[in-house]
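This report concerns only the one structure given below.
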Amino acid sequence: MITVETIRERHSVREYDGKPLDQAEFDALGAVVEEYARESGLDIQLVGNNPEVFNVIARFGLIRGCRTHVAFVVDGAKAADATRAAVDEVIGYWGQKIVLAAQDMGLNTCWCALCSRKKSRAVVALGKKVRLVIAVGHGKTQGFPRKTKSVGALSSVECAKAPAWFAAAMEAAQLAPTAMNNQNFKITLLSDGRTVRIDAPQSGLNAIDQGIVRRNFEIAANEIGADWRWERDM
Ligand SMILES: Cc1cc2nc3c(=O)[nH]c(=O)nc-3n(C[C@H](O)[C@H](O)[C@H](O)COP(=O)(O)O)c2cc1C
């Protein structure tokens, strides 16, 4: 079961054991990916035996010893910013569902924008491209907690007092992975005490981050059984 505990246990892992997933793990995660692809309408593929996708020349942010990834395939044509951001937010949301399902199966992950997308063996039709991938495997460690902005910096409350469920949901939002650990989002509890707005710049990878944060926030709010809603659905 995916709970706030799953969210707390997850950290990005960049060093893996170099082995493929067991067949049972690959099949179980593949079934999750297929189900979420169907529900979201996204083209999401689980790709095994493809370590080349992580061969990049960079000084930091490298993934080592990982043979498996989840690829998000999107239209290759340059879209208007708003269109691209809308797709990115959905990728973030459903991708984070996959990340947490993998964590629950005892696997480790890392969202990965800095990769050799063209070396992914995902099925990419003409006119399409890989937007980004998620590394999946058995980590050499479980990763480590990292620095985070304070809940005060990430949220604001327009009603008299923040209810307990909002504080719990904000902890989950705070623990969400974001590109370069930027945490470029703001969550506002509106004056009715139940409607929640999320704002983020729509440039770069921020809209993906926004979708990821949304997913973490709702897991915690719903686990408590809070009566709440997003101001804007995806
Ligand atoms: C959209 C996105 C892209 C990312 N791309 C990379 C990447 O290319 N390389 C990398 O090492 N980490 C990447 N990360 C992982 C972040 O650096 C990491 O989530 C952040 O530092 C917070 O750490 P945590 O995930 O352990 O909580 C990415 C994360 C997100 C959400």
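Heads up: the sequence shown begins at -2 in my numbering, then just goes up one per residue. For every residue, glycine included, the Cβ atom is placed at its ideal position computed from N, Cα and C.
Residue j beta carbon less than 7 Å from that of residue i
| i | j | result |
| --- | --- | --- |
| Ala217 | Ala166 | yes |
| Ile60 | Ala132 | yes |
| Gly201 | Tyr13 | no |
| Arg191 | Asp224 | yes |
| Asn213 | Ala170 | yes |
| Gln180 | Ala82 | no |
Residue i versus residue j - alpha carbon distance
| i | j | result |
| --- | --- | --- |
| Gly136 | Asp206 | 23 Å |
| Gly110 | Glu31 | Residue identity differs from the one stated: residue 110 is Ala in this sequence, not Gly. One C-alpha to the other measures close to 22 Å. |
| Leu123 | Ile195 | 35 Å |
| Gln100 | Ala79 | 31 Å |
| Val193 | Trp162 | 12 Å |
| Ala164 | Gly222 | 14 Å |
| Arg35 | Ile88 | 13 Å |
| Gly45 | Pro17 | 7 Å |
| Gly189 | Trp227 | According to the sequence shown, residue 189 is Asp rather than Gly. One C-alpha to the other measures close to 12 Å. |
Nonlocal neighbours in the same chain, by C-beta distance under 6 Å from residue i, ignoring five residues either side
| i | result |
| --- | --- |
| Gly15 | Gly62 |
| Arg114 | Val127 |
Residue nearest to residue i in terms of C-alpha spacing, selected from the options
| i | options | result |
| --- | --- | --- |
| Arg128 | Val10, Tyr33 and Leu39 | Leu39 |
| Arg118 | Arg5, Arg81, Gly27 and Asn47 | Asn47 |
| Met177 | Gly190, Val193 and Asn203 | Asn203 |
| His66 | Arg81, Lys146, Arg226 and Val120 | Val120 |
8 Å CB neighbourhood of residue i in its chain, flanking five on each side removed
| i | result |
| --- | --- |
| Gly27 | Leu43 |
| Gln139 | Glu6, His8, Val10 and Asn105 |
| Thr0 | Ile216 and Glu220 |
Residues near residue i by beta carbon distance below 7 Å, same chain, minus five either side
| i | result |
| --- | --- |
| Phe141 | His8 |
| Ala25 | Met102 |
Using 8 Å as the threshold, is the segment 32 to 46 in touch with the segment 65 to 76, meaning 3 or more CB pairs across them?
yes
Stretch-stretch touch, CB-based, cutoff 8 Å, three pairs: the segment 48 to 55 with the segment -1 to 9
no
Measuring CB atoms only, is the segment 153 to 160 touching the segment 181 to 189, in the sense that at least three cross pairs come out at less than 8 Å?
yes
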